[in-house]
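Comments concern the structure below.
Residue numbers (the numbering used here): 3 to 326.
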């Protein structure tokens with residue numbers, strides 16, 4: 003089923019594609035896209051707005067991150083430099099193929115995410131550090147305009163993602179992360195609606211600039227492996243995980259990140275930080291299997307560049323921004 007909605011403006015202009023529901027357990031993006039559709043007046047729009055609130059229908063219907071074939075849609079998008087068999091593949095591969103066609107045809111992309119049921123993520127916008135100066139400059143402007151506290155430019159060598167397709171097509175693209183959990187946080191929904199409107203204003207598609215963060219931290223890290231959120235601090239064994247640090251905390255090397263216990267007759271396992279920086283991801287679903295990601299620490303000082311004020315650890319998931 004095609005759940006997309008195309009809003010055509012009164013005046014000519016570019017096409018912006020906004021994706022949500024790439025993971026079936028991430029709900030704020032879905033609701034935000036619905037509210038965005040209600041907010042946009044076609045008479046005031048220049049260009050076209052293509053909205054896909056539930057990109058991964060099978061995953062959404064089963065309340066899971068991935069599809070019934072066990073694939074993660076956000077790691078399954080085809081690459082332009084490899085012959086794609088996705089059109090005849092599994093359900094997730096076929097979805098990825100159709101979405102890739104739409105991404106390649108648009109002018110700009112925003113892909114909205116959260117931490118899903120298992121994780122919470124510090125509010126951020128990210129993009130790939132692509133080779134084209136013009137595309138990179140536009141992505142930076144889009145990320146700043148979105149208005150979240152953290153801006154993260156990462157390795158362009160990440161494959162299988164919606165941004166990988168945009169990179170290969172030469173289209174400016176950003177993604178956003180906010181919180182997580184099994185519910186739908188109204189503050190996250192509001193931040194995403196306003197963020198999309200801000201980007202539309204930045205792209206001269208819509209005159210609706212809204213509130214942005216009072217301070218933003220920008221980190222660009224071109225090192226291979228930067229940009230991975232779900233592969234850090236893997237659980238050494240299965241058990242019950244209890245995080246020890248609040249999201250958004252500045253972490254020192256050696257700090258206790260959390261503990262895992264399983265059997266009464268076994269000692270509690272401590273998980274400690276191997277490096278310092280900003281805690282941008284916490285595992286919040288207590289039940290863990292060996293290898294599950296428990297935390298991500300953004301090593302701000304080791305990145306190639308950073309600017310702006312450090313975000314305040316207190317109350318990190320309140321609506322960011324108090325002034326334009």
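We treat Cβ as the ideally placed atom computed from N, Cα and C, and that holds for glycine.
Coil, strand or helix - residue i by DSSP
i, result
"residue 97", "helix"
"residue 47", "coil"
"residue 121", "strand"
"residue 71", "coil"
"residue 229", "coil"
"residue 76", "helix"
"residue 139", "helix"
"residue 246", "coil"
"residue 28", "coil"
"residue 216", "coil"
"residue 126", "strand"
"residue 309", "Caution is warranted here: a pLDDT of 46 is assigned to residue 309, below 50, making its placement in the model unreliable, and no coordinate value can be reported."
"residue 92", "coil"
"residue 59", "helix"
"residue 268", "coil"
"residue 41", "helix"
"residue 211", "coil"
Whole-angstrom C-beta distance between residue j and residue i, which should lie under 8 Å
i, j, result
"residue 286", "residue 121", "6 Å"
"residue 329", "residue 26", "Past the boundaries of the shown model lies residue 329; the chain is included only from 3 to 326, so the question cannot be answered."
"residue 18", "residue 207", "6 Å"
"residue 141", "residue 175", "7 Å"
"residue 10", "residue 50", "5 Å"
"residue 236", "residue 295", "6 Å"
Enclosing beta strand (DSSP E) for residue i [first to last residue]
i, result
"residue 113", "110-115"
"residue 14", "13-21"
"residue 297", "297-300"
"residue 272", "271-274"
Boundaries of the alpha helix (DSSP H) in which residue i is found, first to last residue
i, result
"residue 279", "Looking at the DSSP string, residue 279 is not in any alpha helix (DSSP H); the run it does join, the beta strand (DSSP E), is 279-285."
Next on the checklist: Within 8 Å, do at least three Cβ pairs link the segment 135-144 to the segment 178-195?
Outcome noted: no
Checklist entry - Three or more beta-carbon pairs under 8 Å between the segment 54-71 and the segment 27-34, yes or no? => result Taking a cut-off of 8 Å on C-beta distances, the segment 54-71 touches the segment 27-34, as three or more cross pairs fall below it.
Item to check | beta strand (DSSP E) segments (min. 3 residues) lying fully within the segment 130-205 | outcome: Uninterrupted beta strand (DSSP E) stretches at least 3 residues long and entirely within the segment 130-205 occur at 152-156, 175-181, given in chain order.
Checklist entry - Counting Cβ pairs, one atom from each stretch, are 3 or more of them under 8 Å apart for the segment 238-245 and the segment 171-180? => result no
Checklist entry - Is the segment 221-238 close to the segment 95-108, with three or more CB pairs under 8 Å? => result no
Next on the checklist: Does the contact criterion of 3 or more C-beta pairs under 8 Å hold for the segment 195-210 versus the segment 265-285?
Outcome noted: no
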